[in-house]
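Engineer:
Protein chains: 2
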Amino acid sequence: MEKYRFLLSGSGGQGVISMAVLLAEAASLEEGLTAVQAQSYGPEARGGATRSDVIISDTPIFFPKVRQPNILVALTNEAAGKYLPLIRPGGLLLYDSDLVQPDGRVDARKVGLPMYAAVRETLGRTVAFNICVLGVLLALTETVGPGSIRKRLEKNFDPVYHSSNNRALDLGLELASSCSPYP
Amino acid sequence: MEKYRFLLSGSGGQGVISMAVLLAEAASLEEGLTAVQAQSYGPEARGGATRSDVIISDTPIFFPKVRQPNILVALTNEAAGKYLPLIRPGGLLLYDSDLVQPDGRVDARKVGLPMYAAVRETLGRTVAFNICVLGVLLALTETVGPGSIRKRLEKNFDPVYHSSNNRALDLGLELASSCSPYP
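Below you can see the structure in the form of structure tokens.
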């Protein structure tokens, strides 16, 4: 398989780390792939920025940090501004079209979808925003199957969240259904 | 400061990753240190083992994976058997004295405390076991202050968990009060 290098970025409270852990666990524990997942906390973290790296492969992974993501998720303008220059040529940027206005000329496919607004309108609250983003990511990249994420959602979360998590995942899959897959 | 290299290990469901994220966030977001935190998921993860690495320093950290921990936490026998040989000479092993019987001669200080039983008896359930372990770790190593962990517990968890989380942290601090600090 293609080695996937995800850089997931946004602000504290958007659930970026949780999204990264779910993705890595689904790949490794449910699909038998190898995954590493890492957070670096430097001075920018104290400004409220969150960055989480996930690498998924079917061969061993030696260095757990993503230098050049082929898939970048940016959920704030600050995150997009900071990490878009790192993207691998021909890579994919996924951003929230209400929260982020990506600028800069990069050789990347940019997919903007109103994920935050869709979650708020459909679920009445935004706590599962990150799960919706994950749904879009799965639909676009086909890294792991939605069923594997559902298993991790059931294992990692209190049952009171299962229904809204599953609805948010479905919403992400739907939102992405008109987009062509990457790569 | 001494650079701290933690290897936290146990089985899925013991909250090892959550403990690692709390420790890294407390160090970086509350105390201005630099931290990296990583999970590697290989074949052993599919057997139910969990490993999470945390490095805390006051200078930049270039490689996010812990090769030789100076502080090892082992919450299962399997984890102790696997990771004890990696410990840095003169390092610290913290283990649960009911769940783990560490063997092997290593140049390390071994601290075993009945954390799991204490949480079950005091709180009536074991969901905050990991927070109790974190309390012991803070008391032993003084890496970050308990107040910094309390701030992250408030920010990262639903308010319904605040009381039991804080009691579990206190319990860990108490359990460790008779142990001399490391290093």
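Residue numbers (our numbering), protein chains in the order written: chain A, 1024 to 1206; chain B, 1024 to 1206. We put the CB at the ideal spot given by N, CA and C, even for glycine. These numbers were taken from a predicted model, which means no experiment stands behind them.
(1) For S1120(A) versus G1104(A), is the C-beta spacing smaller than 8 Å?
(2) Return yes when the Cβ of V1123(B) is within less than 8 Å of the Cβ of L1160(B), no when it is not.
(3) With burial defined as no fewer than 16 other Cβ atoms inside 10 Å of the residue's Cβ, what is the status of Q1091(A): buried or exposed?
(4) Quick test of your reading: I1078(B) and Y1027(B), contact by CB under 8 Å. State the CB separation rounded to the nearest angstrom.
(5) Spatial neighbours of A1043(B) within its chain, please: CB distance less than 7 Å, with the 5 preceding and 5 following residues excluded, ordered by chain position.
(6) S1187(B) to P1169(B), Cα distance in whole Å?
(7) How big is the Cα-Cα spacing for D1181(B) and N1153(A)?
(8) Would you decide whether F1085(B) is buried or exposed? Buried here means 16 or more other CB atoms lie within 10 Å of its CB.
(9) Measure the C-alpha to C-alpha separation of D1081(B) and K1088(A) and round it to an integer number of angstroms.
(10) Would you mind telling me which residues of chain B sit closer than 8 Å to P1087(A), beta carbon to beta carbon, in chain order?
(11) Just to confirm, is the Cβ distance from R1069(B) to L1045(A) under 8 Å?
(12) Consult DSSP for Y1139(B) and reduce its assignment to one of helix, strand or coil.
(13) Measure from the C-beta of G1055(B) to each C-beta in chain A and report whether the shortest distance is under 8 Å.
(14) Could you pull the DSSP bridge partners for S1171(A) from this structure?
(15) Apply the 10 Å Cβ neighbour rule to S1201(A) and answer buried if 16 or more other Cβ atoms are within range, or exposed otherwise.
(16) So L1107(B) and I1094(B) are in contact, right, with Cβ under 8 Å, and what is the actual spacing, rounded?
(17) Take the Cβ of G1055(A) as the centre, count every other Cβ of all protein chains shown within 10 Å, and call the residue buried at 16 or more, exposed below.
(18) Helix, strand or coil for V1123(A), going by three-state DSSP, please let me know.
(19) For G1158(A), I'd like the list of residues in its chain whose CB is within less than 6 Å of its CB, leaving aside the five on either flank, ordered along the chain.
(20) Checking contacts by CB at 8 Å: is A1068(B) closer than that to chain A?
(21) Does the beta-carbon distance from L1163(B) to R1190(B) come in below 8 Å?
Structural biologist: This is what the structure gives:
(1) no
(2) no
(3) exposed
(4) 7 Å
(5) L1031, Q1060, S1075 and V1077
(6) 15 Å
(7) 16 Å
(8) exposed
(9) 20 Å
(10) A1061, S1063, P1087 and K1088
(11) no
(12) helix
(13) yes
(14) The partner list for S1171(A) (beta bridge, DSSP) is empty, contrary to what the question assumes.
(15) exposed
(16) Their Cβ separation, rounded to whole angstroms, is 12 Å, which puts L1107(B) and I1094(B) out of contact at 8 Å.
(17) exposed
(18) coil
(19) L1192, G1195 and L1196
(20) yes
(21) no
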